[in-house]
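> Following this message is one structure expressed as structure tokens.
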Amino acid sequence: MENTIMLVIIIANAVVSFKGFNDEMFFRKYQFHVGSIRAGEQIRMLTSGFLHADLAHLAFNMITLYFFAPIVVQTLGDFSFILIYLGSLVFGSLLTMVFHGNDYSYRAVGASGAVTGVLYSAILMYPDMTIGIFGIIPMPAYIFGILYLLYSIYGMKSRTDNIGHTAHFGGAIGGYVITLLKMPSLLQDNLLMVILLAIPIVILFVMAKAGKL
């Protein structure tokens, strides 16, 4: 059953993305665009998560989902997986609005927020599993998770690339929060990891409050 849920999401991403690749009007209508969202088109905060910039962008997100979705589904079940996926997508969009809400020309697409939420959920539940960086370098999952979010903060601050670091970070927050709500026993069973994985989130909000982002 878990493979069915995952495959439905992957197919939905592929269908919507390929439609966007071949139909510019469709792409523009449903991408994340701050000006349009502030004008009342909040649906873009959801639909943009199923569009991708190109085939490589789509493939990277779906391959990552393929590896980590089964971990979340097998542990928490189908409903919780869908909740984490869609909830993380929305968290990513909301955080993007918080940080870019005054930039009316800001645009973004991609399932990265949702996928990062699923990834961070898996890491929170199984922090000692090994993740292969670039498929080669082995690293404990919790270290990867912390470094990834610290890198996202750097990307948000430097703004030197076209990567939606804010959506990634928001997705991770969504995955973290929803997983803890669905599995509060983690606070008892592995409190240290829960705290460690929260450190980048705390750093982000401290920096934001200090006006350093």
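Here our numbering runs 139 ahead of the position in the sequence shown, where the first position is 1.
Positions of the beta carbon are idealized from the N, C-alpha and C atoms, including for glycine.
1. Counting only runs of 3+ residues fully inside the segment 235-302, write out the beta strand (DSSP E) ranges in chain order.
2. Please classify Gly271 as buried or exposed, where buried requires at least 16 other C-beta atoms within 10 Å of its C-beta.
3. For a quick check, are the C-beta atoms of Leu263 and Thr203 less than 8 Å apart?
4. Three or more beta-carbon pairs under 8 Å between the segment 183-195 and the segment 150-166, yes or no?
5. For Phe207 and Ala261, what's the separation of their Cα atoms in angstroms?
6. Considering only residues of the segment 159-211, which uninterrupted alpha helix (DSSP H) runs meet the minimum length of 4 residues and lie entirely inside it, listed in chain order?
7. If contacts are defined as beta-carbon pairs under 8 Å, then Pro339 and Leu289 qualify, I think. What distance do you get, rounded to the angstrom?
8. Roughly how many angstroms separate the alpha carbons of Thr186 and Phe171, rounded to a whole number?
9. Buried or exposed: Thr235, going by 16 or more other Cβ atoms within 10 Å of its Cβ?
10. Given a threshold of 16 other Cβ atoms within 10 Å of its Cβ, counted over all protein chains shown, does Pro277 qualify as buried or as exposed?
11. Please classify Pro266: is it buried, with 16 or more other beta-carbons within 10 angstroms of its beta-carbon, or exposed?
In short:
1. Here the runs fully enclosed are 269-272 and 276-279.
2. In summary, Gly271 is exposed, with fewer than 16 beta-carbon neighbours lying within 10 Å of its beta-carbon over all protein chains present.
3. Judged by beta-carbon spacing, Thr203 lies beyond the 8 Å limit of Leu263, meaning their Cβ atoms are not closer than that value.
4. By the Cβ criterion, the segment 183-195 is in contact with the segment 150-166, since at least three pairs of Cβ atoms, one from each stretch, lie closer than 8 Å.
5. Approximately 7 Å between the Cα atoms of the pair.
6. DSSP runs (the alpha helix (DSSP H)) wholly in the segment 159-211: 163-169, 173-177 and 183-186.
7. Pro339 to Leu289, Cβ: 5 Å. Contact.
8. Rounded to the nearest whole angstrom, the CA to CA distance from Thr186 to Phe171 is 8 Å.
9. When all chains shown are included, Thr235 counts as buried.
10. Classification of Pro277: exposed, given that the 10 Å Cβ count is below 16.
11. Classification for Pro266: buried.
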